[in-house]
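Protein chains in written order, with this note's numbering: chain A, 20 to 408; chain B, 6 to 380.
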């Protein structure tokens, strides 16, 4: 990185400036006192943090953990684990991030068949012992050693916390298994589920957790966040650039900060001050936007082939199909008259469903493109006919 | 401070307030009176029981209270020797029936125990099989033989949500009791009692929100009360919004915004409203549910009692044809969401449908002819 962020410049800004304590949280000011209450109550229910990506769910969880356990939670180690699960035993791979008090795992990585066993196995393993620190009487400078005592005043809670990321992507079986597991091991561990879409979290799980809604950040809040990061990094942030970044982020604070870092790097590379032209769309966004433009520009088999090539390209670069479809829809809605909106949404919704239930994404994306072209072509033909007569 | 309390105090509130005796079970009068009589009078004459009904209506509580009245508190020697509890956290295959249930059921009844009240314990053991509808059909078949062979010394209490998933030969061996969802008043009373005991400030609005969210499921109501009270900021009474967030339902007024936007006929407004809903992290299924409720609730008697029923009228003011057009779309979208479809796109579709149907209401056409259909 060419940008002059002195010291620990190896960290991405989004990590470097992530608030680590409850008192430093800036987004969602109404949520913070409730988190503090949860942390001070001693006992903790199972939690379900839900809300769109980049709203600050994980940041809040880490801050809550830090409030509960003190700075010890920041001493984490990353482990790549291969669990032998099931009968006959199969290897399921998961990556965990853990401290002495908590463990973070994305069980859906293990795949739809193994995730059930992974969650059960991990929860059992973790729940089988209390965290060590709680066995030692807490006081001045206890066993922890090195710099970071500061256990919270009431002592550390006698349970560990399991943070399950992407809980909405867990298979049905895994979610069903989780509900037994979380009841059985309440004594020694608490689960914190994180989900983008609460719809996909099974109702029995929802009812066992305290739901905490973390909405997308408001544009004003994202703007302030960017200003803060820019100030700490010593980057001059013109208002126009900030506005562009905020619009592009759409309530996703992480995307906004990443965008700022990219833009700042681009500006620093050319040696010019930060300007709106440094705010770039991601490659996939450019490709998707071009596909949408193509669909509006020409409606013919050739045009469809061109769109198809773009779609293949996107999927080939591992852009999720639903992300592509969302972007296409957004672009199309912006490019054509609003009288077409109901039809676009209707067909998008239908092909979106097929994406979710079908197997081969490109077929459905292409079908959507073809359908849009047909509708739009018909409209254009009718208009031309009206002009002629 | 809290950490020094004995571990028992940390039990979930819903467990803490489980009824201790059968007569403490709320609302289920038929089951309660019958069981009380059979416990009190003919102690030896208890049939096999099948308790069924939706979650949170007191089935497990009744079974546990029954066991307690017959044998004394859990953990007492009589209880330990005579009662086998199997719930959903155990394996449910045929092996369990063969090994655990049959072994326990076949053993002779240990004698010489008395209940705390001084009565001798009845001469049979009790097997409580919770969530019996989740037991595999094979295992149920194996169970029916066990029930007959051991009925001299063992009584079964089967508990399930769906009586249709218990095989008929098993069901016909039991006295059946249906547990109905609790009426709002009964849920409210219980909530008040617990709130007072726990020192939770529960204003009527939050109480109603809890009752609404529970849908007659007392456990859900109590669990929600517990988690919502912990989720509220310190020193403040419980607010309906906190309850809604804890239950992952919608706070009042959120859906009205979408209706107003759709009624305006401006797609940009609809889009903003939908993006607001998705950006707010609200559950799309909850949005659909709420729309459905509004759709079927209003129109006739209760016009104008909420803000949404104001001048715009919302979905409640639609005529029947319009409503049915919307209802079809809601059903479609709900199914798709369950299948894992994208919330934003599906809600946009629903929003557009609302917008078109509202527009039709103004132009006087038939909504069915105007709505674009995807066939």
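Beta carbons: idealized from backbone N, C-alpha and C, even for Gly.
Among the options, whose alpha-carbon lies nearest the alpha-carbon of residue i?
i, options, result
"residue 70 (chain A)", "B:321, B:265, B:342 and B:250", "B:250"
"residue 253 (chain B)", "A:189, A:218, A:304 and A:42", "A:218"
"residue 146 (chain A)", "A:290, A:177 and A:207", "A:207"
"residue 269 (chain A)", "A:282, A:234 and A:251", "A:234"
"residue 394 (chain A)", "A:345, A:181 and A:314", "A:314"
"residue 87 (chain B)", "B:27, B:100, B:153 and B:161", "B:161"
"residue 320 (chain B)", "B:344, B:268 and B:256", "B:268"
"residue 87 (chain A)", "A:250, A:177 and A:67", "A:177"
"residue 355 (chain B)", "B:345, B:344 and B:275", "B:275"
"residue 174 (chain B)", "B:322, B:302, B:53 and B:334", "B:53"
"residue 225 (chain A)", "A:256, A:236, A:187 and A:251", "A:187"
"residue 323 (chain B)", "B:300, B:333, B:338 and B:337", "B:300"
"residue 216 (chain A)", "A:67, A:384 and A:52", "A:67"
"residue 231 (chain A)", "B:149, B:287 and B:364", "B:287"
"residue 228 (chain B)", "A:250, A:228, A:237 and A:239", "A:228"
"residue 191 (chain B)", "B:263, B:70, B:212 and B:149", "B:212"
Quick one: grab the DSSP three-state call for residue i.
i, result
"residue 115 (chain A)", "strand"
"residue 110 (chain A)", "strand"
"residue 86 (chain A)", "helix"
"residue 58 (chain A)", "helix"
"residue 331 (chain A)", "helix"
"residue 68 (chain A)", "strand"
"residue 125 (chain B)", "strand"
"residue 381 (chain A)", "helix"
"residue 273 (chain A)", "helix"
"residue 231 (chain A)", "strand"
"residue 255 (chain B)", "coil"
"residue 99 (chain A)", "strand"
"residue 73 (chain B)", "helix"
"residue 62 (chain B)", "coil"
"residue 57 (chain B)", "strand"
"residue 44 (chain A)", "coil"
"residue 225 (chain B)", "helix"
"residue 80 (chain A)", "helix"
"residue 241 (chain B)", "coil"
Using C-beta distances below 6 Å, list every residue in its chain close to residue i, excluding the 5 sequence neighbours before and after it, in chain order.
i, result
"residue 125 (chain A)", "184 and 185"
"residue 99 (chain B)", "143, 144 and 147"
"residue 221 (chain A)", "194"
Quick check: the Cα distance between residue i and residue j, rounded to an integer number of angstroms?
i, j, result
"residue 357 (chain A)", "residue 164 (chain B)", "55 Å"
"residue 263 (chain A)", "residue 241 (chain A)", "11 Å"
"residue 37 (chain B)", "residue 125 (chain B)", "22 Å"
"residue 158 (chain B)", "residue 72 (chain B)", "15 Å"
"residue 366 (chain A)", "residue 380 (chain A)", "15 Å"
"residue 48 (chain A)", "residue 242 (chain B)", "18 Å"
"residue 280 (chain A)", "residue 261 (chain B)", "39 Å"
"residue 386 (chain B)", "residue 105 (chain B)", "With chain B represented from 6 up to 380, any question about residue 386 (chain B) goes unanswered, as that position is not in the structure."
"residue 129 (chain A)", "residue 138 (chain A)", "10 Å"
"residue 392 (chain A)", "residue 408 (chain A)", "24 Å"
"residue 157 (chain A)", "residue 98 (chain A)", "Model confidence at residue 157 (chain A) stands at a pLDDT of 46, short of 50, so the residue's coordinates are unreliable and nothing is read from them."
"residue 85 (chain B)", "residue 283 (chain B)", "52 Å"
"residue 23 (chain B)", "residue 31 (chain B)", "10 Å"
"residue 275 (chain A)", "residue 285 (chain A)", "15 Å"
"residue 369 (chain A)", "residue 345 (chain B)", "12 Å"
"residue 204 (chain B)", "residue 40 (chain A)", "29 Å"
"residue 14 (chain B)", "residue 214 (chain A)", "Residue placement at residue 14 (chain B) is poorly supported in this model, since its pLDDT is 41, which falls under 50; the coordinates are not used for a value here."
"residue 90 (chain B)", "residue 231 (chain B)", "26 Å"
"residue 278 (chain A)", "residue 247 (chain A)", "14 Å"
"residue 43 (chain B)", "residue 68 (chain B)", "13 Å"
"residue 75 (chain A)", "residue 248 (chain B)", "21 Å"
Let me check you understand the geometry: is the CB of residue i closer than 6 Å to at least one non-hydrogen atom of the ligand FMN?
i, result
"residue 71 (chain A)", "Only the bare structure without any ligand can be found here, which leaves the ligand FMN out of the picture."
Taking 7 Å as the limit between beta carbons, can you name the residues of its chain near residue i, skipping five residues before and five after?
i, result
"residue 390 (chain A)", "366"
"residue 129 (chain B)", "114, 158, 159 and 160"
"residue 96 (chain A)", "117"
Tell me which same chain residues have a C-beta within less than 8 Å of the C-beta of residue i, skipping the five on either side of it?
i, result
"residue 38 (chain A)", "44, 45, 78 and 82"
"residue 374 (chain A)", "340, 341, 344, 380, 383 and 384"
"residue 297 (chain B)", "332 and 335"
"residue 63 (chain A)", "57, 87, 176, 178, 180 and 209"
"residue 291 (chain B)", "253, 254 and 255"
**Cβ contact check for the stretch 270 to 279 of chain B and the stretch 208 to 221 of chain B: 3 or more pairs under 8 Å** = Cβ pair count under 8 Å is below three, so no.
**Prompt:** Looking at C-beta atoms only, is the number of pairs between the stretch 180 to 197 of chain B and the stretch 52 to 68 of chain B that lie closer than 8 Å three or more?
**Reply:** Yes: at least three Cβ pairs fall under 8 Å.
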